[in-house]
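Letter 81 of the sequence shown, counting from 1, is numbered 81 in UniProt numbering, and no numbers are missing.
Cβ coordinates follow ideal geometry from the N, Cα and C atoms, glycine included.
Here the structure is a predicted model, which means the values were calculated and not measured.
Here the structure is laid out as structure tokens; the discussion comes afterwards.
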Amino acid sequence: MQKIPLMVAKAGMVLSRDVFRTESANGIPICGKDTELTDSLIARLENLNIQSVYVEGHPVWTEGDLSLEETLHDLDNRFEKVRHDPLMAKIYDIYAEHLKRSLGESGGRKAE
1 MQKIPLMVAK
11 AGMVLSRDVF
21 RTESANGIPI
31 CGKDTELTDS
41 LIARLENLNI
51 QSVYVEGHPV
61 WTEGDLSLEE
71 TLHDLDNRFE
81 KVRHDPLMAK
91 IYDIYAEHLK
101 RSLGESGGRK
111 AE
């Protein structure tokens, strides 16, 4: 899941959270989770002054973002001294799985 500015959203991206008129989750959602964005929906959200949305995966890469492979390597380094502990190994596994889901299983950035 990645929070992106609406101006970089593209048709085909899928919302990973409901969209509300304000930043708070109080009230009726404008658009529901798992909705595929279309050009017309993006235009409607712009008209409603929505600034950002949460989308599935990590579709927008900016300078300084680490690839999945680099992030998992950093995670390995952080857990290197405690991986033998069963509880820490479980925490590592949970975190690694979360990273794979949120950054995508592809292991790297898409070519542009």
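Using DSSP with H/G/I as helix, E/B as strand and the rest coil, what is residue i?
i, result
"Val19", "strand"
"Val82", "coil"
"Ser40", "helix"
"Val60", "coil"
"Gly107", "Because Gly107 carries a pLDDT of 43, less than 50, the predicted location of this residue cannot be relied on, and no value is offered for it."
"Ile94", "helix"
"Asp100", "Going by the sequence as given, residue 100 is Lys instead of Asp. Lys100: helix per DSSP, three-state reduction."
Ignore the nearest five residues each way along the sequence and tell me which others in residue i's own chain have a CB closer than 6 Å to its CB.
i, result
"Ala89", "Arg83"
"Thr71", "Leu99"
"Met1", "Ser16, Tyr54, Ser102"
"Lys33", "Leu15, Arg17, Asp18"
"Cys31", "Val19"
Could you pull out every residue in the same chain whose Cβ sits closer than 7 Å to the Cβ of residue i, ignoring the five residues on either side in sequence?
i, result
"Ile4", "Ser52, Val53, Val55, Val60"
Give me the residue from the options with the minimum Cα distance to residue i.
i, options, result
"Leu45", "Gly12, Val14, Phe79, Phe20", "Phe20"
"Glu69", "Glu97, Glu36, Ile91", "Glu97"
"Gly12", "Gln2, Leu48, Met1, Glu36", "Glu36"
"Asn41", "Asp85, Leu6, Gly27", "The residue you asked about is not Asn; residue 41 is Leu in the sequence shown. Out of Asp85, Leu6, Gly27, Leu6 has the C-alpha closest to the C-alpha of Leu41."
"Leu48", "Asn77, Thr22, Asp65, Phe79", "Thr22"
Could you round the C-beta distance between residue i and residue j to whole angstroms and report it? I think they count as a contact, below 8 Å.
i, j, result
"Leu103", "His58", "5 Å"
"Asp39", "Pro29", "Not a contact, Cβ separation roughly 20 Å."
In chain order, what residues of the same chain have a beta carbon less than 8 Å from the beta carbon of residue i, not counting five sequence neighbours either side?
i, result
"Tyr95", "Leu75"
"Val8", "Val60"
Taking only heavy atoms of the ligand MN into account, decide whether any of them is closer than 7 Å to the Cβ of residue i.
i, result
"Ile42", "Among the components modelled here there is no ligand, and therefore nothing to report on the ligand MN."
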